[in-house]
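Top line first, the protein sequences correspond to chains R and B.
Counting from 1, one number per residue, gives the positions in the first sequence under UniProt numbering.
Counting from 1, one number per residue, gives the positions in the second sequence under UniProt numbering.
C-beta: ideal position from N, C-alpha, C; glycine also.
The structure appears below as structure tokens.
2 protein chains.
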Amino acid sequence: MQRTQFGEMACSIARTLDVIGEPWSPLILRDVWVGLSRFDQIQADLGISRKVLTERLNHLVEQGVLERRPYDARPRFEYHLTDKGIDLVEILMVMVRWGDRWLAGEAGPPVLYRHHACGQVAAVDPRCSHCGEPMHADGVDLLPGPGSAR
Amino acid sequence: MQRTQFGEMACSIARTLDVIGEPWSPLILRDVWVGLSRFDQIQADLGISRKVLTERLNHLVEQGVLERRPYDARPRFEYHLTDKGIDLVEILMVMVRWGDRWLAGEAGPPVLYRHHACGQVAAVDPRCSHCGEPMHADGVDLLPGPGSAR
DNA sequence: AGGCGAAGTTCCGTAAGGGAACCCCAGGTG
DNA sequence: CACCTGGGGTTCCCTTACGGAACTTCGCCT
């Protein structure tokens, strides 16, 4: 599709989309996150075409968010999140929060998240890394940063 | 492409992707967020094809994250975030945080965010809505929720 | 020796993206 | 009044990517 590459833009959103923006990628990461680590498990869970799953897994491994770990003498692999990938899950959790809030409807959220640290079922709450207060769309100003020239 | 619809899955990530998962959609929302609200502004900024921009804007309006606001006697429109859309920006901010951390490289982040409440340049920090401690991928257990049956 | 199972790979038909040209229409200009 | 202009799309064609199913590979198991 000669799909435009976003990575060249001086924008961290665009660059992030170059890593996980293709169709299925976030769902593949979700599966790996919750413990589905093998090709056929993920394929069966998502109903994704095997060809596309191969492409996505390769890309995610290349980008360093997944690692391929052999689990047999034969060439059999499990996929696991790297540190870079574990950090990505925060994006998924914020997506969950939004979907739970705006799309779950009467039935309520399909999955609940219990926070180890406090033992409570909770959602993720984006806060300012400096003052700890909630940080929302209309609560920030944008300034050019050091990497703005390119 | 008879592309698979994710929305039927009992998963808030999949449902969220049905709203903003198509190529370009997050970047369109970013543009609207930072104040580019007219068709030609967005088209020029992103270099997106006019056809796809039309489709994406229609979809985002249908999904209730953008609203079309006339600004002239002629049929001229500005696009603005609804409350549902303002809430979505938190997803973008977490993407920015990840991109800044893992993809910005030597040059540093292209854009800085100053938090109104405290006046400091800061990033968004995902915390537990219950106890306020950081909430990371390996710090949560998943439980079936009320909307799990479908 | 034959079968199996995981992980890909190949092939084809269809649908989505890219790009450029075209259309519509209300105001402004001469 | 005729014409131009500029925003916001729409249409057309071409290329590419997805979906689905069949096929391949290669060790292990019996």
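Using a 10 Å radius around the Cβ and a threshold of 16 neighbouring Cβ atoms, would you call residue i buried or exposed?
i, result
"Ser12/R", "buried"
"Tyr71/B", "exposed"
"Arg30/R", "buried"
"Glu62/R", "exposed"
"Val19/R", "buried"
"Gly85/B", "buried"
"Asp40/R", "exposed"
"Arg127/B", "buried"
Give a yes or no on whether the C-beta atoms belonging to residue i and residue j are separated by under 9 Å.
i, j, result
"Glu22/B", "His59/B", "yes"
"Thr82/R", "Val94/R", "no"
"Ala14/R", "Gly147/R", "no"
"Glu55/R", "Arg69/R", "no"
"Ile42/R", "Val32/R", "yes"
"Arg97/B", "Glu133/R", "no"
What in chain R is Cβ-close to residue i, meaning under 8 Å?
i, result
"Pro75/B", "Ordered by position in chain R, no residue passes the 8 Å Cβ test against Pro75/B, which lies about 28 Å from the chain."
"Asp141/B", "Tyr113, Arg114, His116"
"Pro67/B", "Correcting the residue type first, residue 67/B is Glu in the shown sequence and not Pro. Result: empty, since nearest Cβ-Cβ is about 15 Å, beyond 8 Å."
"Thr16/B", "Met95, Val96, Trp98, Gly99, Leu103"
List the residues of chain B whose Cβ lies closer than 7 Å to the Cβ of residue i, in chain order.
i, result
"Glu8/R", "Correct list: empty, because the minimum Cβ distance to chain B is about 11 Å."
"Lys84/R", "Trp102"
"His59/R", "Chain B residues near His59/R: none, gap ~14 Å exceeds 7 Å."
"Leu53/R", "By Cβ distance, chain B contributes nothing, its closest Cβ being about 12 Å from Leu53/R, past 7 Å."
Under 9 Å Cβ-Cβ, which residues of chain B neighbour residue i?
i, result
"Ala137/R", "Trp33, Leu81, Gly85, Ile86, Asp87, Leu88, Val89, Glu90, Leu92, Met93"
"Glu133/R", "His115, Ala117, Cys118"
"Leu36/R", "Correct list: empty, because the minimum Cβ distance to chain B is about 12 Å."
"Ile42/R", "Within 9 Å Cβ-Cβ: nothing; Ile42/R doesn't reach chain B, min ~14 Å."
"Arg30/R", "Cys11, Ile13, Ala14"
query: Given 8 Å as the limit, is there contact between the segment 138-146 of chain B and the segment 21-33 of chain B, that is, 3 or more CB pairs closer than that?
result: As far as the Cβ criterion goes, the segment 138-146 of chain B does not touch the segment 21-33 of chain B, which means the pair count is below three.
- prompt: With a cut-off of 8 Å, do at least 3 Cβ pairs link the segment 118-126 of chain B to the segment 98-114 of chain R?
  reply: Touching, no, given that fewer than three Cβ pairs across the two stretches are closer than 8 Å.
query: According to a CB-to-CB cut-off of less than 8 Å, which residues of the segment 106-119 of chain R neighbour chain B?
result: Flagged, chain order: Ala107, Gly108, Pro109, Pro110, Val111, Leu112, Tyr113, Arg114, His115, His116, Ala117, Cys118.
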